[in-house]
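Participant: Before we start, here is the structure in question, set down as structure tokens.
2 protein chains.
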Amino acid sequence: MPNRSYAILGTGALGGYYGACLQRGGLDVHFLLHSDYEYVSKHGLVVESIDGDFTLPHVNAYNDVSEMPLCDVVAITLKTTQNHLLPHLLPAVVKEGGVVLLLQNGLGIEEEVIRIVGPQQQIIGGLCFLCSNKVGPGHIRHLDYKEIKLGEYAPNYRPCGVTEQMCQIATDFERADIPIRMVDNLLQARWEKLVWNIPYSGLPVVLNATTDELMADLHTRSLIKQLMSEVVKGARSCACTISDDFIHYLLEHTDKMKPYRTSMKIDYDEHRPLEVEAIFGNPLLKAQEAGANLTQLTMLYQQIKFLDAKNCGCVAKNY
Amino acid sequence: MPNRSYAILGTGALGGYYGACLQRGGLDVHFLLHSDYEYVSKHGLVVESIDGDFTLPHVNAYNDVSEMPLCDVVAITLKTTQNHLLPHLLPAVVKEGGVVLLLQNGLGIEEEVIRIVGPQQQIIGGLCFLCSNKVGPGHIRHLDYKEIKLGEYAPNYRPCGVTEQMCQIATDFERADIPIRMVDNLLQARWEKLVWNIPYSGLPVVLNATTDELMADLHTRSLIKQLMSEVVKGARSCACTISDDFIHYLLEHTDKMKPYRTSMKIDYDEHRPLEVEAIFGNPLLKAQEAGANLTQLTMLYQQIKFLDAKNCGCVAKNY
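So the protein sequences, as listed, match chains A and B.
The first sequence runs -19 to 299 under the working numbering.
The second sequence runs -19 to 299 under the working numbering.
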């Protein structure tokens, strides 16, 4: 079995963590960086982790995609707000017959990627259950969880089972000590993750609150449940069945979590653009196209759009 | 025609303004005060107004309802958040055969008042279109508008036409240079006012924005329209018909207004309790009882309830 090469497009809290794990696991990893490029090319990466700290004094660091080698697996680990860069980045690094591994939240991004790389290229979606921060240049702090759910993408999110390349990538990650769950229906997995992500990404921004405050108040707790039900309704309109028990399970699970500032709230507080379209806009659009009218999710989307525009309207952001 | 006596329960921006106008118009007015009592009993009231400033060096000021005379007309000019005081205040000042004049926003308060004063007492609702502030003790600044819409209350908000006592009160106010419009359907008038009040009271608090910002953004403008449509739907469930043209008219009217911090936003910024139940909770309940499901208004209510509890949870407020 060949030693697959990995490109990590976006070496932040998520890409930096998974890329470092893969390199430590013996794989050939190539990191695209922007602001941390100088520092990381000299000093490598440092990972502080609940599973044990480690450092990689030398990594293959790039600040220009044209200098990167073509890779077998190209992991997109940017925030979706940077996806306007993909038409420039992807063609330069994806090997023919290689895989684009889309490690982003939300819905509909695979459809953007396939328009860039063409239908002959394989796209695998990955849903990361990871809690990590970048605390300094090339310095990642891994706080909790790390599992990835992998699912193959086929046009229109048609379920297409577990493929050989999914298994190969799973083997690479598991060798790097990252647990993998393979799913045969990527769309279903994406909708399931949105059941949590939509209320807990949106409401903390709109109401300036942590998850535990929202759970403790009867009105917002009830609103969270309603929003979850709307997401389930949206999923159903796309032929994905999610049971009410799942909502119940998520609420109980969140009750047990420590007070938590979700990543969209962190982005908002730091005046970074929010992943509005991937998390809210695209699911809403898919549901609307399928004839489902999600009024509360629409309202949340409109509120977040307003706040996002006001919050970073005057701040220039680079990748 | 007798010189009717007026009690003003709550001498703030609204009660202070209308009460001062009535006294200047020659009526016998009795003002209930709390924090400004000492000052106003010594110095009276000062009104700065776009229509001309005036002072009343002497007014009948009280800080205890038991010392007030029974009055022909008892105007409730407190915020609805102080309505828990009404069972104590009203019976002490309403003359038998007198009128309770309810100058508060929102819906359903007449039903609370009738439970206090009994069904034999006459209740007239008044919707104040007034822009005024209290800028110091006994010092009112009147900025714009002043019209009052009067409507008689009958149980279950049954429309009951224009009554003689409405006409008498209208005459008193008009003599005091306050324009009056009399309506034969109080419930209709209250729902109509809510079409504006609900979006423009709620969204500025939730989104920390002024009316003009909300109108300029396409997403929130659209949300305002949706919320207005839901209020119209709620009105319809209570047999009050409001046309789509009215929404159009309100939007155009608001476009022409100067940037405006609505009174609920001012209350929120000053950590005062919000009129959540009168403006959002009661209309929602009435619509629900009539079988109308107003999902976006529900969400707005839940958001405001959360913010209100957090905002003044630890601040003691007195009337």
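Every residue, glycine too, gets a C-beta built ideally from N, C-alpha and C.
1. Which residues, taken in chain order from the segment 265 to 280 of chain B, show a beta carbon closer than 7 Å to some beta carbon of chain A?
2. Sorted by chain position, which residues of the same chain lie with C-beta nearer than 7 Å to Asn291 (chain B)'s C-beta, five sequence neighbours on each side aside?
3. Mind listing, in chain order, the continuous beta strand (DSSP E) runs of no fewer than 3 residues lying wholly within the segment -15 to 55 of chain A?
4. Report the CB separation of Val53 (chain A) from Val79 (chain A) in whole angstroms; it is logged as a contact under 8 Å.
5. Determine the extent of the beta strand (DSSP E) in which Glu132 (chain B) is found, giving its start and end residues.
6. Are the C-beta of His301 (chain B) and some C-beta of chain A separated by less than 7 Å?
7. Within the 7 Å Cβ cut-off, does Phe153 (chain B) reach chain A?
8. Taking only three categories from DSSP, how would you classify Met301 (chain A)?
9. So Leu83 (chain A) and Ala55 (chain A) are supposed to be a Cβ contact under 8 Å. How far apart are they, rounded?
10. Specify, as a first and last residue, the run of the alpha helix (DSSP H) that Asn113 (chain A) falls within.
11. Can you give me the Cβ contacts of Asp33 (chain A) inside the same chain, cut-off strictly under 7 Å, excluding the 5 residues immediately before and after it?
12. Among all the DSSP beta bridges, which residues are the ones paired with Asp124 (chain A)?
13. When we look at the beta-carbon of Val185 (chain B) and count the other beta-carbons within 10 Å, is it buried (16 or more) or exposed?
14. For the alpha helix (DSSP H) that Arg138 (chain A) lies in, which residues bound it at each end?
15. Determine which residues of the segment 98 to 117 of chain A have a Cβ less than 9 Å from any Cβ of chain B, and write them out in chain order.
16. Taking the DSSP output, what are the residues bridged to Gly271 (chain A)?
17. What number of angstroms, rounded off, separates the C-alpha of Asp235 (chain A) from the C-alpha of Tyr180 (chain A)?
18. Consult DSSP for Leu87 (chain A) and reduce its assignment to one of helix, strand or coil.
19. In terms of alpha-carbon separation, which member of A:Val39, A:Val20, A:Lys126, A:Gly24 lies closest to Asp8 (chain A)?
20. Distance check for His233 (chain B) and Asn85 (chain B), CA to CA, integer angstroms please.
21. Residue range of the alpha helix (DSSP H) that Arg170 (chain B) falls in?
22. Tell me the DSSP bridge mates of Ile103 (chain A)?
23. Using a Cβ-Cβ cutoff of 7 Å, what residues of the segment 196 to 227 of chain B are near chain A? List them in chain order.
24. What residues in the segment 183 to 196 of chain A have a beta carbon less than 9 Å from any beta carbon of chain B?
25. Using a C-beta to C-beta distance shorter than 7 Å, which residues of chain B count as neighbours of Lys285 (chain A)?
26. What's the call for Lys22 (chain B), buried or exposed, on a 16-neighbour Cβ count within 10 Å?
27. Curious, which full-length alpha helix (DSSP H) runs of at least 4 residues does the segment 216 to 260 of chain B contain?
28. From the beta carbon of Ile(-12) (chain B), is the nearest beta carbon of chain A less than 7 Å away?
Facilitator: Result, derived from the coordinates:
1. The residues in question are Thr275, Gln276, Met279.
2. In its chain, beyond the 5 residues on either side, Tyr248, His251 have a beta carbon closer than 7 Å to the beta carbon of Asn291 (chain B).
3. Runs found: -15 to -11, 8 to 12, 25 to 29, 34 to 36, 40 to 42.
4. About 5 Å separates the CB atoms of Val53 (chain A) and Val79 (chain A); that is less than 8 Å, so the two are in contact.
5. First-last of the beta strand (DSSP E) with Glu132 (chain B): 128 to 132.
6. Because chain B in this structure spans residues -19 to 299, residue 301 (chain B) falls outside the shown range and cannot be described.
7. Any Cβ of chain A closer than 7 Å to the Cβ of Phe153 (chain B) would place that residue at the interface, and such an atom is absent.
8. Nothing in the structure corresponds to residue 301 (chain A), since chain A is present only between -19 and 299.
9. Contact holds; Cβ gap of about 6 Å.
10. Counting along the chain, Asn113 (chain A) falls outside any alpha helix (DSSP H), though it belongs to the beta strand (DSSP E) covering 111 to 116.
11. If we look at Asp33 (chain A) and ignore the five residues flanking it on each side, its Cβ neighbours are Val27.
12. Beta-bridge pairing links Asp124 (chain A) to A:Cys111.
13. Label assigned to Val185 (chain B): buried.
14. Neither: Arg138 (chain A) is in no alpha helix (DSSP H) and is coded neither H nor E.
15. Listed in sequence order: no entries.
16. For Gly271 (chain A), DSSP assigns no beta-bridge partner whatsoever.
17. Going from the Cα of Asp235 (chain A) to the Cα of Tyr180 (chain A) covers about 12 Å.
18. Correct three-state label for Leu87 (chain A): coil.
19. Among A:Val39, A:Val20, A:Lys126, A:Gly24, the Cα nearest to that of Asp8 (chain A) is on A:Val39.
20. Linking Asn85 (chain B) to His233 (chain B) through their CA atoms gives a straight-line distance of about 20 Å.
21. That run of the alpha helix (DSSP H) goes 166 to 187.
22. Per DSSP, A:Val80.
23. Of all residues in the segment 196 to 227 of chain B, Asp197, His199, Thr200, Ser202, Leu203 have a Cβ within less than 7 Å of some Cβ in chain A.
24. Those residues of the segment 183 to 196 of chain A that come within reach of chain B (Cβ to Cβ, closer than 9 Å) are Leu183, Val186, Leu187, Asn188, Ala189, Glu193, Leu194.
25. Per Cβ cutoff of 7 Å: His199.
26. Classification for Lys22 (chain B): exposed.
27. Counting whole runs of 4 or more residues, the segment 216 to 260 of chain B contains the alpha helix (DSSP H) stretches 224 to 236, 243 to 249.
28. Closer than 7 Å: no.
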